[in-house]
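Trainee: Sharing a structure here in structure tokens format.
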Amino acid sequence: MEKIAKEYLKLYRDPAVTEYLYIYEGMDEYLQAQKEMYWKLHEKAMEAEKQIDPFGYKSLMRNPYLTGLYLAFQERDYEMLHNAIYHNSKHELSKFSSGGYDHSGNFWKVLDAMASNHVDVVEACFPEELGLCKNGYPPFVKTSNLLMALWYQNDDWLGAAYTEGTKLLGQKKGLWEKAIMEFLLALADQDADRASEALGKVCKTSRRVDRPKLYKILCTEAHGLYHIARHLLPEELFNRIEMPDNPNFCEGLVKWQEEQGYPEMGALIVHYPGELGFMNRILNLPVQRCVLEGSGKRQTVDVKEMKKRALATLQLGTTQAARRDARDH
4 MEKIAKEYLK LYRDPAVTEY LYIYEGMDEY LQAQKEMYWK LHEKAMEAEK
54 QIDPFGYKSL MRNPYLTGLY LAFQERDYEM LHNAIYHNSK HELSKFSSGG
104 YDHSGNFWKV LDAMASNHVD VVEACFPEEL GLCKNGYPPF VKTSNLLMAL
154 WYQNDDWLGA AYTEGTKLLG QKKGLWEKAI MEFLLALADQ DADRASEALG
204 KVCKTSRRVD RPKLYKILCT EAHGLYHIAR HLLPEELFNR IEMPDNPNFC
254 EGLVKWQEEQ GYPEMGALIV HYPGELGFMN RILNLPVQRC VLEGSGKRQT
304 VDVKEMKKRA LATLQLGTTQ AARRDARDH
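This is the structure in structure tokens:
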């Protein structure tokens with residue numbers, strides 16, 4: 004972890020790098036900032052005589068992911084690193100948005116979630132009953148479809164998805180998207196050597212993606228793809244895939260996950276106290292299964308319905324907890 008930790012810690016402490024990011028020295032500082040944000044919104048709601056549901060408050064709560072990485076790298080703690088990735092995934096998955104896309108808009112979220120081996124996310128974000136993706140950013144539509152075909156072992160889907168994936172490699176698209184597709188095509192061909200090479204390309208080209216420098220230090224997408232391969236390939240073949248030696252791939256994290264039996268979840272990296280307790284309940288909800296509205300190539304994620312279902316689950320859990328507390332007393 005030494006090299007990746009050193010690079011991250013150096014950038015985290017550089018004001019020029021973090022100027023437009025929400026970072027904190029520790030979780031106490033993070034929680035204090037979230038409490039202040041909560042009370043500002045609460046006071047405005049009271050003045051306007053408006054009710055704000057927990058997800059409304061949650062939308063203003065900052066994701067502690069970058070600070071979680073900072074603490075994990077500072078302590079050289081792989082468990083905390085695993086949990087920071089898991090927490091980040093749960094925070095992002097509880098944002099209900101479509102961007103005008105269908106379930107293909109979930110592709111990035113799936114890769115990030117699988118970096119902590121959170122397997123349930125794949126079928127929640129890509130439900131089999133929704134079929135293949137049709138509406139979204141073309142490279143992610145194609146990568147999503149190939150992943151779905153492989154995950155559900157659907158030969159009918161695989162033929163079309165493989166053809167479209169091969170076409171993508173010859174098009175003028177981003178090198179990062181092409182590297183991801185090349186990795187998935189290698190899985191379809193059960194070609195461990197090609198998969199190893201492609202995974203290295205994913206790490207290398209991710210540095211060129213337009214996002215803040217701190218997010219480029221750890222290529223969670225490559226980690227997610229690696230775990231996807233572990234679930235799709237026979238063990239002997241998977242073991243032939245070499246982990247990238249790129250500086251933004253953390254081999255020590257994968258080895259820790261292996262030693263722990265590849266845990267399929269993680270833990271939240273911070274407990275939200277008092278008035279922020281709703282965050283614990285939201286982040287511990289099961290991942291909502293994707294729902295679409297519309298038809299054909301105009302289908303988009305049904306944000307309203309997904310939020311409605313999440314609220315119902317949240318309220319049910321709160322009611323059951325209250326009943327348990329009443330019985331205990």
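So the sequence shown is numbered by our numbering: it starts at 4 and just counts up by one.
Cβ atoms here follow ideal geometry from the backbone N, Cα and C, with glycine treated the same way.
Since the structure is predicted, the reported quantities are computational estimates derived from the model, not experimental observations.
Please report the Cβ distance between residue 7 and residue 251, rounded to the nearest whole angstrom; I am assuming they are in contact, meaning their Cβ atoms lie under 8 Å.
Mentor: Contact flag correct, Cβ pair sits at about 7 Å.
Trainee: Counting Cβ pairs, one atom from each stretch, are 3 or more of them under 8 Å apart for the segment 221 to 229 and the segment 111 to 119?
Mentor: Result yes; three or more Cβ-Cβ pairs closer than 8 Å.
Trainee: How is the alpha helix (DSSP H) around residue 188 delimited, first residue to last?
Mentor: Residues 178 to 192.
Trainee: Can you tell me whether DSSP reads residue 295 as helix, strand or coil?
Mentor: The answer is strand: DSSP assigns residue 295 an E or B state.
Trainee: Evaluate contact between the segment 140 to 151 and the segment 91 to 109, counting only Cβ atoms and requiring at least three cross-stretch pairs below 8 Å.
Mentor: The segment 140 to 151, when compared against the segment 91 to 109, does touch it at the 8 Å Cβ threshold.
Trainee: Where residue 264 and residue 216 are concerned, what is the direct C-alpha to C-alpha distance, given to the nearest angstrom?
Mentor: Approximately 32 Å, taken between the alpha carbons.
Trainee: Could you check where the alpha helix (DSSP H) with residue 230 kicks off and where it finishes?
Mentor: That run of the alpha helix (DSSP H) goes 223 to 235.
Trainee: So what's residue 324 in DSSP terms, helix, strand or just coil?
Mentor: Confidence is the limiting factor: at residue 324 the pLDDT is only 48, short of 50, which leaves the residue's position unreliable and the question unanswerable from this model.
Trainee: Alpha carbon to alpha carbon, how far is residue 279 from residue 273? Give it in angstroms, no decimals.
Mentor: About 11 Å.
Trainee: Report buried or exposed for residue 315, applying the criterion of at least 16 other Cβ atoms within 10 angstroms of its Cβ.
Mentor: With fewer than 16 Cβ atoms within 10 Å of its Cβ, residue 315 is classed as exposed.
Trainee: Compare the Cα-Cα distances from residue 59 to each of 67, 42, 165 and 71 and report the closest residue.
Mentor: Per the Cα distances, 42.
Trainee: What are the start and end residues of the alpha helix (DSSP H) that includes residue 274?
Mentor: Note, residue 274: premise wrong, no alpha helix (DSSP H); not H, not E.
Trainee: Name, in chain order, the residues that DSSP records as bridge partners for residue 304.
Mentor: Paired residues: 295.
Trainee: So, with DSSP's three-state summary, where would you put residue 3?
Mentor: Nothing can be reported for residue 3, as the shown portion of the chain is limited to 4 through 332.
Trainee: Take the Cβ of residue 325 as the centre, count every other Cβ of all protein chains shown within 10 Å, and call the residue buried at 16 or more, exposed below.
Mentor: Unreliable positioning characterises residue 325 in this predicted model, as indicated by a pLDDT of 41, which lies under 50. The coordinate reading is nonetheless provided below. It counts as exposed.
Trainee: In chain order, what residues of the same chain have a beta carbon less than 8 Å from the beta carbon of residue 63, not counting five sequence neighbours either side?
Mentor: Result list for residue 63: 40, 41 and 44, in chain order.
Trainee: Within 10 angstroms of its Cβ, does residue 276 collect 16 or more other Cβ (buried), or is it exposed?
Mentor: Result: exposed.
Trainee: One question on the structure: do residue 28 and residue 220 come within less than 8 Å of each other, judged by their Cβ atoms?
Mentor: Cβ distance not < 8 Å, so residue 28 and residue 220 don't count as in contact.
Trainee: Is residue 151 closer than 8 Å to residue 168 when the C-beta atoms are compared?
Mentor: Contact: no.
Trainee: If you draw a straight line from the alpha carbon of residue 31 to that of residue 73, how long is it in whole angstroms?
Mentor: Distance between the alpha carbons of residue 31 and residue 73 is about 14 Å.
Trainee: Just to confirm, are residue 178 and residue 211 a CB contact at a threshold of 8 Å?
Mentor: Yes. Within cutoff.
Trainee: Assuming residue 186 and residue 201 form a contact by the criterion Cβ under 8 Å, report the distance between their Cβ atoms to the nearest whole angstrom.
Mentor: Right, the Cβ-Cβ distance comes to about 4 Å (below 8 Å), so this counts as a contact.
Trainee: Determine, using beta carbons only, whether residue 308 and residue 290 come nearer to each other than 8 Å.
Mentor: Against a cut-off of 8 Å, the Cβ pair of residue 290 and residue 308 comes out as no contact.
Trainee: Using a Cβ-Cβ cut-off of 8 Å (strictly less than) and excluding sequence neighbours within five positions of residue 83, which residues of its own chain qualify?
Mentor: Closer than 8 Å at Cβ, skipping near neighbours: 71, 74, 75 and 272.
Trainee: In the DSSP assignment, find the unbroken alpha helix (DSSP H) run with residue 206 in it and report its ends.
Mentor: 195 to 209 is the span of the alpha helix (DSSP H), which, as asked, contains residue 206.
Trainee: Look at the Cβ atom of residue 121, then the Cβ atom of residue 259, and state whether they are nearer than 8 Å.
Mentor: Their beta carbons are not under 8 Å apart, which means residue 121 does not touch residue 259 by this criterion.
Trainee: Residue 191 and residue 232 look like a contact to me (Cβ under 8 Å); what is the Cβ gap, rounded to whole Å?
Mentor: At roughly 11 Å, the Cβ-Cβ gap does not stay under 8 Å, so residue 191 and residue 232 are not in contact.
Trainee: For residue 121, name the three-state secondary structure that DSSP assigns.
Mentor: Here residue 121 sits in coil by DSSP.
Trainee: Assuming residue 281 and residue 57 are in contact, meaning their beta carbons sit under 8 Å apart, how far apart are those beta carbons, in whole angstroms?
Mentor: Confirmed, Cβ separation roughly 4 Å.
Trainee: Mark residue 153 as exposed unless 16 or more other C-beta atoms lie within 10 angstroms of its C-beta, in which case mark it buried.
Mentor: Burial call: buried.
Trainee: Under the assumption that residue 65 contacts residue 35 (Cβ atoms under 8 Å), give the Cβ distance between them as a whole number of angstroms.
Mentor: Between residue 35 and residue 65 the Cβ distance is about 12 Å, and since that is not below 8 Å, they are no contact.
Trainee: Residue range of the alpha helix (DSSP H) that residue 12 falls in?
Mentor: Note, residue 12: alpha helix (DSSP H), 5 to 15.
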